[in-house]
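When we follow our numbering, the leftmost residue of the sequence shown carries the number 520, and every step to the right adds one.
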Amino acid sequence: MGDVSDLVRRRLWELGRTPEEASQRSRWVIPAQVVELLARGGSSFISENFARPLARALDVTENRLRRAAGLPQIPDPRSSIETRPDLRVVGQEQ
(Lines of atoms letter the chains of each structure in order from A and count residues from 1; the text may use other names and numbers.)
(Lines give C-alpha, C1' and ligand atoms only; values in the text may rest on other atoms or scores of the structure.)
Protein backbone atom coordinates (compact mmCIF):
# COMPACT_ATOMS: atom_id res chain seq x y z
CA MET A 1 0.00 0.00 0.00
CA GLY A 2 2.98 2.29 0.51
CA ASP A 3 3.48 2.53 -3.22
CA VAL A 4 -0.03 3.93 -3.73
CA SER A 5 0.38 6.37 -0.84
CA ASP A 6 3.70 7.53 -2.25
CA LEU A 7 2.15 7.99 -5.69
CA VAL A 8 -0.84 9.93 -4.31
CA ARG A 9 1.32 12.17 -2.13
CA ARG A 10 3.86 12.83 -4.91
CA ARG A 11 1.24 13.58 -7.59
CA LEU A 12 -0.74 15.93 -5.34
CA TRP A 13 2.50 17.79 -4.63
CA GLU A 14 3.63 17.81 -8.29
CA LEU A 15 0.27 19.08 -9.50
CA GLY A 16 -0.22 21.51 -6.64
CA ARG A 17 -3.61 19.91 -6.14
CA THR A 18 -5.57 19.61 -2.91
CA PRO A 19 -7.46 16.44 -1.99
CA GLU A 20 -10.69 18.35 -2.73
CA GLU A 21 -9.47 19.22 -6.23
CA ALA A 22 -8.43 15.62 -6.81
CA SER A 23 -11.87 14.48 -5.69
CA GLN A 24 -13.48 16.89 -8.13
CA ARG A 25 -11.16 15.65 -10.89
CA SER A 26 -12.37 12.10 -10.19
CA ARG A 27 -15.88 13.40 -10.87
CA TRP A 28 -16.62 13.10 -7.16
CA VAL A 29 -16.29 9.30 -7.24
CA ILE A 30 -13.51 9.43 -4.66
CA PRO A 31 -14.23 11.54 -1.59
CA ALA A 32 -11.61 14.12 -0.63
CA GLN A 33 -11.24 12.40 2.76
CA VAL A 34 -10.12 9.18 1.03
CA VAL A 35 -7.56 11.04 -1.10
CA GLU A 36 -6.25 12.74 2.03
CA LEU A 37 -6.10 9.41 3.89
CA LEU A 38 -4.14 7.84 1.04
CA ALA A 39 -1.74 10.80 0.90
CA ARG A 40 -1.04 10.47 4.62
CA GLY A 41 -0.12 6.81 4.23
CA GLY A 42 -3.39 5.38 5.48
CA SER A 43 -4.29 1.95 4.27
CA SER A 44 -7.17 1.48 1.91
CA PHE A 45 -7.99 -1.32 -0.50
CA ILE A 46 -7.66 -0.26 -4.15
CA SER A 47 -10.22 -2.22 -6.14
CA GLU A 48 -10.54 -2.67 -9.89
CA ASN A 49 -13.38 -0.12 -9.97
CA PHE A 50 -11.46 2.37 -7.83
CA ALA A 51 -8.34 2.44 -10.04
CA ARG A 52 -9.69 4.43 -13.00
CA PRO A 53 -11.17 7.38 -11.05
CA LEU A 54 -8.13 7.58 -8.77
CA ALA A 55 -5.83 7.60 -11.80
CA ARG A 56 -7.95 10.39 -13.31
CA ALA A 57 -7.74 12.35 -10.05
CA LEU A 58 -3.94 12.09 -10.10
CA ASP A 59 -3.47 12.63 -13.85
CA VAL A 60 -1.63 9.33 -14.29
CA THR A 61 -2.35 6.38 -16.54
CA GLU A 62 -4.54 3.70 -15.06
CA ASN A 63 -1.78 1.13 -15.53
CA ARG A 64 0.66 3.25 -13.51
CA LEU A 65 -1.79 3.28 -10.62
CA ARG A 66 -2.50 -0.43 -11.06
CA ARG A 67 1.24 -1.21 -10.86
CA ALA A 68 1.52 0.75 -7.62
CA ALA A 69 -1.55 -1.02 -6.19
CA GLY A 70 -0.45 -4.49 -7.31
CA LEU A 71 -3.44 -4.90 -9.63
CA PRO A 72 -3.22 -6.64 -13.01
CA GLN A 73 -2.47 -4.41 -15.99
CA ILE A 74 -5.14 -3.66 -18.59
CA PRO A 75 -4.56 -3.44 -22.35
CA ASP A 76 -3.56 0.07 -23.32
CA PRO A 77 -3.11 0.82 -27.03
CA ARG A 78 -1.09 3.93 -26.16
CA SER A 79 1.68 1.83 -24.63
CA SER A 80 2.99 0.83 -28.06
CA ILE A 81 3.45 4.45 -29.16
CA GLU A 82 7.09 5.42 -29.19
CA THR A 83 7.90 9.01 -28.40
CA ARG A 84 11.15 10.85 -28.36
CA PRO A 85 11.88 14.07 -26.56
CA ASP A 86 11.72 17.15 -28.72
CA LEU A 87 14.84 18.89 -27.48
CA ARG A 88 16.56 21.88 -28.89
CA VAL A 89 20.07 22.76 -27.83
CA VAL A 90 20.42 26.44 -27.15
CA GLY A 91 23.91 27.82 -26.88
CA GLN A 92 25.10 31.02 -25.35
CA GLU A 93 26.11 33.77 -27.69
CA GLN A 94 29.62 35.01 -27.11
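All C-beta atoms in this analysis are idealised placements derived from N, C-alpha and C, irrespective of residue type, glycine included.
Which stretch, first to last residue, makes up the alpha helix (DSSP H) that contains residue i?
| i | result |
| --- | --- |
| Leu508 | Any answer about residue 508 is impossible in this case: the structure gives the chain only from 520 up to 613. |
| Glu567 | 567-577 |
| Arg585 | 581-588 |
| Glu601 | That residue, Glu601, is in no alpha helix (DSSP H); it is neither H nor E in DSSP. |
| Ser542 | 538-544 |
If you run the structure through DSSP and keep just helix, strand and coil, what is residue i?
| i | result |
| --- | --- |
| Pro596 | helix |
| Leu534 | helix |
| Leu606 | coil |
| Val523 | helix |
Closest to residue i by CA distance: which of the options is it?
| i | options | result |
| --- | --- | --- |
| Gln552 | Leu573, Gly535, Gly589, Glu612 | Leu573 |
| Ile565 | Ile549, Arg559, Leu577, Ala588 | Ala588 |
| Arg575 | Arg603, Val548, Pro594 | Val548 |
| Glu533 | Asp522, Leu577, Arg559 | Leu577 |
| Asp525 | Arg607, Phe569, Ala558 | Ala558 |
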